[in-house]
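Numbering (full-length UniProt numbering), first residue to last: 1 to 304.
Quick reminder that beta carbons are idealized off the backbone N, C-alpha and C, glycines included.
Some notes on the structure that comes next.
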């Protein structure tokens, strides 16, 4: 594992709340209760004494201190200072009814639209803020020089994997996406040094994606993980870790903000790869666009 690809506990370029949200699954149940209070309202948490916060989280002061250390703080005073600063820089939703980013029961469509728009925009912005340019550069370099690229994902992450494969294919990169785990495993088994395998999983716990990425790694391919949680299991089989900053709420199963956050990272990588050889990429894009031009309805053609 390249050291530069790992994310330390104190590294939160996108903000403390994004950092804590990403670490939440790796915390103990009691620490998670503290984390949820902090994430839901940083300003209120910053005003609480350690006793007040422990009481609100139904835990002990010792647990609050452990939580502080788990997220890279020296102690509670430092956490309060950082939370106050975070609260001051947070972007407030334009619609006063959008509180906490969740959709309450009985919300009308206008409120649903405002909430989804705010959550999606925040996910994209916070993902971009915390994305490590140095790691992105390493991944772009690996993809740009790869003999072959395999991309893996399941469910909603599979759609993102497919999108990335299609983008790379259009600029002449040899890339494959296999939605079936058996086919993906057989493909990964044929990878080797100079190839790249990319696993996409919002939770970082999708066993199919982890298994295939591990297979690719044992064959010598460079492995990349794209996940929302920097301490999730998928990072153990990745040479490079890229993270998103999406916070799904009521309709998590819909994978809304997380999908857009993943697509943001994918687009950054795609443009980075294309920019390495602009002339070749432009020529490939023009050729592929021309190939399907006859299947588009002309501007002056009357629709049936």
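Checklist entry - For the segment 106-130, which segments carrying the alpha helix (DSSP H) assignment without a break, of at least 4 residues, lie completely within its bounds, in sequence order? => result Correct list: 109-130.
Item to check | Through-space distance from residue 226 to residue 252, alpha-carbon basis | outcome: Residue 252 sits at position 252 when you count from the first residue of the chain shown. Residue 226 sits at position 226 when you count from the first residue of the chain shown. For residue 252, the pLDDT reaches just 49, beneath the cut-off of 50, and the residue's location in the model is therefore unreliable, although a value from the coordinates is still provided. Cα to Cα, the separation comes out at about 18 Å.
Item to check | residue 158, enclosing alpha helix (DSSP H) - first and last residue | outcome: The residue labelled residue 158 in the question sits at position 158 within the chain shown. Residue range 156-170 is occupied by the alpha helix (DSSP H) that includes residue 158.
Checklist entry - What does a CB cutoff of less than 6 Å around residue 165 pick up in its chain, not counting 5 residues either side in sequence? => result Here the question's residue 165 lines up with position 165 in the chain shown. Taken in chain order, the residues that qualify are 151, 175 and 177.
Next on the checklist: Any contact between the segment 82-91 and the segment 44-55? By contact I mean 3 or more CB pairs, one from each, below 8 Å.
Outcome noted: Short answer: they touch.
Checklist entry - Should residue 230 and residue 243 be called a contact, given that it needs their Cβ atoms to be closer than 8 Å? => result Translated into the one-based positions of the chain shown, residue 230 becomes position 230. Translated into the one-based positions of the chain shown, residue 243 becomes position 243. Here residue 230 is near residue 243, since their CB atoms are less than 8 Å apart.
Item to check | Inter-residue CB distance, residue 269 and residue 171 (contact presumed, cutoff 8 Å) | outcome: The residue labelled residue 269 in the question sits at position 269 within the chain shown. The residue labelled residue 171 in the question sits at position 171 within the chain shown. 12 Å between Cβ atoms; not a contact.
Item to check | Where the alpha helix (DSSP H) through residue 311 begins and ends | outcome: Coverage of the chain is limited to positions 1 through 304, which leaves residue 311 absent and any answer about it impossible.
Item to check | residue 240, enclosing beta strand (DSSP E) - first and last residue | outcome: Within the chain shown, residue 240 is the residue found at index 240, counting from 1. Looking at the DSSP string, the run of the beta strand (DSSP E) that includes residue 240 is 240-243.
Checklist entry - If we count the other Cβ atoms within 10 Å of its Cβ and call it buried at 16 or more, is residue 19 buried or exposed? => result As a working mapping, residue 19 is identified with position 19 in the chain shown. The residue in question, residue 19, is buried, as its Cβ has 16 or more Cβ neighbours within 10 Å.
Checklist entry - If you drop the 5 nearest sequence neighbours on each side, which residues of the same chain put their C-beta closer than 7 Å to that of residue 208? => result Walking along the chain shown from the start, residue 208 turns up at place 208. 154 and 181, listed in sequence order.
Item to check | Cβ-Cβ separation, residue 50 to residue 61 (assumed contact under 8 Å), whole Å | outcome: For the purposes of this step, residue 61 is identified with residue 61 of the chain shown, where counting begins at 1. For the purposes of this step, residue 50 is identified with residue 50 of the chain shown, where counting begins at 1. 5 Å between Cβ atoms; contact.
Checklist entry - Is the segment 271-278 touching the segment 131-146 in the sense that three or more CB pairs, one from each, lie closer than 8 Å? => result Contact between the segment 131-146 and the segment 271-278 is present, because at least three Cβ pairs lie under 8 Å.
Checklist entry - At a cut of 8 Å, does the segment 186-194 reach the segment 119-135 through at least three beta carbon pairs? => result Two segments are said to touch when three or more pairs of C-beta atoms, one from each, lie closer than 8 Å; by this definition the segment 186-194 does not touch the segment 119-135.
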